[in-house]
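Working notes for the structure below.
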Amino acid sequence: MTTAQRPRKTSSTPKPQPRRRLDLVPQFYLDLEDAEMVVTDTLVAIKDTIVETVEARAMSLIYGDPGLGKTFSTKAALQEMDPDLVLTLDLARSNPGPKDLREELFHQMHLKTKMPGTPTAFDRLLREALPRRPYVIVADEAQQYNRVSFEFLRKLWDNCRPRPAIVFIGSPEAYTTLQSDPALASRLYMRQEILAMSEDDVLTIIPESHPVWRGVEAGLLQHLDGDFAQGSFREWAKATRFAVKGLKRFKTDQVDRALIDWVLSQVVRTDYATA
Ligand SMILES: Nc1ncnc2c1ncn2[C@@H]1O[C@H](COP(=O)(O)OP(=O)(O)OP(=O)(O)O)[C@@H](O)[C@H]1O
Ligand SMILES: [Mg+2]
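Using this note's numbering, read the sequence shown as starting at 85 and increasing by one per residue.
And the structure:
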């Protein structure tokens, strides 16, 4: 006896899919065409720090100089979490104060109540709402926060049971501000410093990051890195765009010394020490 292949009826209704959040997708600087995500040690270390911080319901800091991949890797890590639990404090204004942070948390949690009018009522509401789900607060650009804002988040963390996980991401300045507050410093669980790519890292990572660098002589990559990019992913993205442009302009498919020198003539050097 043969049986027809019919789709089986299942009693369970399909689970609603978590909504996709475009703001959590890692972005390539300059929207570089054909750029690829590279699973670097930095990306893995940031993922590990975030996962450990979330599991411990702790507060941690990821810090390092600009352009090294902190935000990119953080977003890559957040892709694996329920987007409804991620509360990003990406604030439009610089130097956000507690008022900005309260309002942003309120919006991110999609609370259906009216926004409280006083700080005390607001804090009471947040202390009730945050423990309802295992939220992860992600505070990028934390160098913009002053001590009062850090202190606000620390008190919120102290007063919630269960606690939210909080990941601060910022420049070395954020590290200094956090360390200067003993109550905060003592509560930080992990401090993950992010460093620029070493010369050896560049030789393995950069050819994987974009097809234009595949098969290019190691000495040329070292020359570009030493003279310009200094192990910064963002600087490499700038150089990559010019390399692609140069190949078209000179009607060649050869990344040679002349092309590298042309790229170097195009890129604007960024000197963070004097910026
Ligand atoms: N693992 C990676 N694979 C591919 N490209 C990457 C990777 N990490 C970083 N990049 C590239 O480097 C760019 C800069 O990274 P990102 O914005 O994360 O730096 P950042 O450390 O957050 O800098 P800032 O402190 O200025 O915010 C990214 O937009 C992307 O183009
Ligand atoms: Mg960033």
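C-beta: ideal position from N, C-alpha, C; glycine also.
Per-residue burial, T342 [other beta carbons within 10 Å of its own, 16 or more giving buried]:
Residue numbering aside, residue 342 sits at position 258 when the sequence shown is read from its first letter. According to the sequence as given, residue 342 is Ala; it is not Thr. The residue in question, A342, is exposed, as its Cβ has fewer than 16 Cβ neighbours within 10 Å.
With 16 as the cutoff for other CB atoms within 10 Å, does F326 come out buried or exposed?
Here residue 326 is taken as the residue at index 242 of the sequence shown, counted from 1. Counting Cβ neighbours within 10 Å, F326 comes out buried, since at least 16 surround it.
Do A160 and A249 come within 8 Å of each other at the CB atom, strictly closer than that value?
Counted from its first residue, the sequence shown places residue 249 at position 165. Counted from its first residue, the sequence shown places residue 160 at position 76. Not in contact: A249 and A160 (Cβ atoms no closer than 8 Å).
S144 by DSSP, collapsed to three states: which one?
Taking the sequence shown and counting its residues from 1, one reaches residue 144 at position 60. Here S144 sits in strand by DSSP.
Nearest to K239 by CA position, among Q263, A267, P295 and G151, is which residue?
For the purposes of this step, residue 239 is taken as the residue at position 155 of the sequence shown. Residue A267 is the option with its Cα nearest to K239.
For V222, write down the residues that DSSP places opposite it in a beta bridge.
If you number the sequence shown from 1, residue 222 lands on position 138. Per DSSP, T172 and V251.
N- and C-terminal bounds of the alpha helix (DSSP H) containing E235
Working through the sequence shown from its first residue, we reach residue 235 at position 151. R231 to N243 is the span of the alpha helix (DSSP H), which, as asked, contains E235.
Need the endpoints of the beta strand (DSSP E) that Y273 sits in, please.
For the purposes of this step, residue 273 is taken as the residue at position 189 of the sequence shown. It spans L272 to I278 - the beta strand (DSSP E) in which Y273 sits, taken as one unbroken run.
Kindly indicate which three-state DSSP category L152 falls into: helix, strand or coil?
Locating residue 152 in the sequence shown gives position 68, where the first residue counts as 1. DSSP places L152 in coil when its eight states are reduced to three.
Run through the stretch 326-358 for me and flag every whole alpha helix (DSSP H) of 4 or more residues, listed as ranges in chain order.
341-350
Any idea if L279 is buried or exposed, counting beta-carbon neighbours within 10 angstroms, 16 or more meaning buried?
For the purposes of this step, residue 279 is taken as the residue at position 195 of the sequence shown. By the 10 Å Cβ count, L279 comes out exposed.
If you measure from the CB of P150, is any heavy atom of ligand 1 nearer than 7 Å?
To locate residue 150, count along the sequence shown from 1; it is residue 66. The answer is yes for P150.
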